[in-house]
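One structure is given here, and the rest of the page talks about it.
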Amino acid sequence: MKLSNYFLPILKENPSEAKIKSHQLMLRAGMIRQSASGIYSWLPMGFKVLKNIEQIVREEQNKAGAIELLMPTIQSADIWKESGRYDDYGKEMLRISDRHERDLLYGPTNEELITQIFRDNIKSYKNLPLMLYHIQWKFRDEIRPRFGVMRCREFLMKDTYSFDVDKATAEFSYKKMFLSYLKTFQKFELNAIPMKAETGPIGGDLSHEFIILADTGESEVFLDKNLLDIDVNEVDYSEKNINEIIERFSKFYSATDEKHDVNEFENNVSKENQLRTKGIEIGHIFYFGDKYSKSMKALVNNKEGKNINPQMGSYGIGVSRLPAAIIEAKYNGTFMKWPKTVTPFKVAIINLGKNGDEADQKSNEIYQNLINANLDPILDDTSENPSSKFKNFDLIGIPYQIIIGSKLKKDEFEFKEIGEEKLILSKEEVINRLKEIYNIDK
RNA sequence: CGGGGCAUAGCGCAGCCUGGUAGCGCAUCUGGUUUGGGACCAGAGGGUCGCAAGUUCAAAUCUUGCUGCCCCGACCA
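Each residue of the first sequence is one higher than the last, beginning at 6 in our numbering.
Next up, the structure:
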């Protein structure tokens with residue numbers, strides 16, 4: 006993409022309504038624009054980030070054995086009346102009615118709908134276990150939306166729902182998602198710490214929040230530093246590995262301030278491993294048994310030919326919150342550096358030349374080479390001042406830059422990982438290095 | 001929903017107190033000079049001053065009502 010053809014409205018100054026750095030950066034870097042309180046449009050740059058995040062979440066769900074489907078944003082009130090939540094949910098639920106004055110609602114979550122789909126189509130234990138998920142927009146009419154996409158009213162969420170014959174298998178489904186979340190967040194270069202959580206209105210007795218550490222987080226968290234060093238990248242979804250990794254995580258202390266136990270923290274965690282910091286919730290998993298399968302009469306035949314209510318769980322990731330969460334974790338106030346899995350473009354070419362000169366020619370040449378190598382580049386071909394280009398790209402946060410000015414010889418390219426020292430490389434070296442970084446076959 | 005604040009050009013703001021036909025910086029457009037960390041010169045475009053009513057010869061400015069947005073609190077992925 007050439008910047009001169011792109012839609013990237015950058016702001017030099019912080020809009021006054023943005024109070025936290027992720028909100029400021031997303032506005033300034035032309036990622037989002039507010040349309041109403043807590044409701045945002047995603048501009049091209051932000052949309053690319055969002056889609057990349059969505060894709061990583063999707064891939065890891067698939068690996069964990071969950072199957073994707075898509076449920077609508079608008080739901081009938083009937084199923085919510087069945088489960089009893091039509092009255093319980095309160096004003097957070099956006100209620101609407103159609104021309105026939107039938108009660109509808111903009112879905113704040115999907116337990117009812119997935120249970121309905123399940124009960125209408127699954128009748129046998131042979132189809133279990135089953136994990137279904139979708140990535141869909143939701144609406145919760147928050148009393149006070151704030152912090153940009155961090156706490157908004159319309160948001161994109163990944164929801165998985167698990168169905169099992171008994172509690173033991175349901176717990177295994179829960180553990181699979183537990184691992185899937187750890188792996189997903191590690192791909193965003195985030196340290197997401199699982200913490201025991203309240204089950205809240207969803208109900209049930211087993212629940213974890215996944216919290217990433219960021220100075221600007223909203224809740225205070227306490228944890229054992231050992232939790233930061235557990236690598237799950239190489240762990241697969243075999244039963245043995247899942248149990249092992251979860252055991253490893255549960256060995257170490259972690260709690261949000263609401264659940265914090267000072268004595269346990271002081272006694273069971275060594276002084277040098279005690280970490281007290283701030284966190285942002287980015288995922289939440291629940292096991293809630295037959296709460297919905299019972300109230301909504303979802304039944305399957307078990308081995309003995311008896312009807313039983315399947316055991317269920319639900320597992321959410323705040324997809325549209327993640328760009329902001331990643332920024333909170335990574336933006337230092339001067340520059341942003343997107344994880345390479347998420348970055349809107351894989352590499353930025355900063356052309357400091359002008360029309361037709363050598364730098365300009367070199368820029369266009371390597372731009373074509375990068376496109377051919379599947380290394381999705383953005384080429385700054387505008388006539389802005391160099392300093393202005395540098396500032397803009399510091400803001401946008403594409404992790405790798407190729408800077409091409411008149412300083413260098415014909416076969417020299419300046420390659421820079423944002424925040425690191427620059428290197429002088431040949432064109433081939435630049436391209437090969439990027440292929441290596443992004444794991445693209447030669 | 002309680003408490004506080006704001007609403008003037010795309011963004012940041014001044015003007016309001018003391019009423020007299022709307023201004024600054026950035027951004028945008030044209031021409032020129034620049035070009036390695038937010039350039040310079042000259043010119044230009046862009047605002048029914050959130051909406052409605054009232055007071056007045058005259059309202060961005062005073063009064064009332066409404067709407068939107070932001071902040072603190074309770075609530076939440």
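All C-beta atoms in this analysis are idealised placements derived from N, C-alpha and C, irrespective of residue type, glycine included.
The C-beta of Gln80 has 16 or more other C-beta atoms within 10 Å across all chains shown, which makes the residue buried. According to the DSSP assignment, Thr261 belongs to the beta strand (DSSP E) that extends over 259-261.
In the DSSP assignment, Trp343 falls outside any beta strand (DSSP E), carrying neither H nor E.
In this structure, DSSP gives Thr165 an extended state, which the three-state scheme calls strand. Taking the Cβ atoms as the reference, Leu384 lies roughly 6 Å from Asn356, within the contact range of under 8 Å. Counting C-beta pairs with one atom in each stretch, the segment 97-114 and the segment 284-300 have fewer than three that are closer than 8 Å, which means they do not touch. DSSP, reduced to helix, strand and coil, places His28 within a helical segment of the structure shown. Restricting attention to Asp108, Phe340, Glu18, Ala330, the CA atom closest to the CA of Glu223 is found in Ala330. Proximity of the segment 247-260 to the segment 145-160 falls short of the contact definition, fewer than three beta-carbon pairs being nearer than 8 Å. With fewer than 16 other Cβ atoms inside 10 Å of its own Cβ, Glu370 counts as exposed. Of all C-beta pairs linking the segment 28-41 to the segment 308-321, fewer than three are shorter than 8 Å, placing the two stretches out of contact. A check of alpha carbon separations from Asp446 across Pro391, Asn377, Thr165 identifies Asn377 as the nearest.
In the three-state scheme derived from DSSP, where H, G and I count as helix and E and B as strand, Asp92 is classed as helix.
Under the DSSP assignment, Met50 falls in the alpha helix (DSSP H) whose first and last residues are 49-68. In the three-state reduction of the DSSP assignment, Asn19 falls in the coil class, being assigned neither a helical nor a strand state.
One Cα belongs to Pro113, the other to Asp386, and the distance between them is close to 44 Å. Here Glu73 carries a strand assignment [DSSP, helix/strand/coil]. C-alpha of Asp83 to C-alpha of Tyr91: approximately 8 Å in a straight line. In the DSSP assignment, the residues bridged to Ile216 are Ile198, Glu286. Per DSSP, reduced to three states, the secondary structure at Leu211 is strand. Ranked by Cα distance from Pro404, the first of Pro14, Ile287, Thr348 is Thr348. Distance between Leu400 and Asn337, taken at the CA atoms: about 10 Å. The segment 60-77 makes no contact with the segment 152-162: fewer than 3 CB pairs, one atom from each, lie closer than 8 Å. The three-state secondary structure of Val274, taken from DSSP, is coil. Its Cα nearest to that of Ile127, the residue Val170 stands out among Glu176, Asn390, Val170, Lys26. DSSP links Arg145 through a beta bridge to no other residue. Judged by DSSP secondary structure, Ser185 falls within the alpha helix (DSSP H) whose first and last residues are 172-192. The beta-carbon distance between Phe418 and Lys432, rounded to whole angstroms, is 6 Å. This is short enough to meet the 8 Å contact definition. If you look at Ala353, you'll find it in the beta strand (DSSP E) that goes 352-356. Between the segment 215-235 and the segment 186-198 there are three or more C-beta pairs closer than 8 Å, enough to call the two in contact. Taking the Cα positions, Asp229 is about 22 Å away from Lys335. Here DSSP, grouped into helix, strand and coil, assigns Phe395 to helix.
Between Asn231 and Asn307 the beta-carbon gap is near 41 Å, outside 8 Å, which marks them as no contact.
Looking at Leu413, Pro77, His289, Asp125, the one whose alpha-carbon comes closest to that of Ala364 is Leu413. Apart from the 5 residues on each side of it in sequence, Phe12 sits with its Cβ closer than 7 Å to the Cβ of Leu48, Pro49 in its chain, given in chain order.
Bounds of the alpha helix (DSSP H) holding Phe254 are 244-255.
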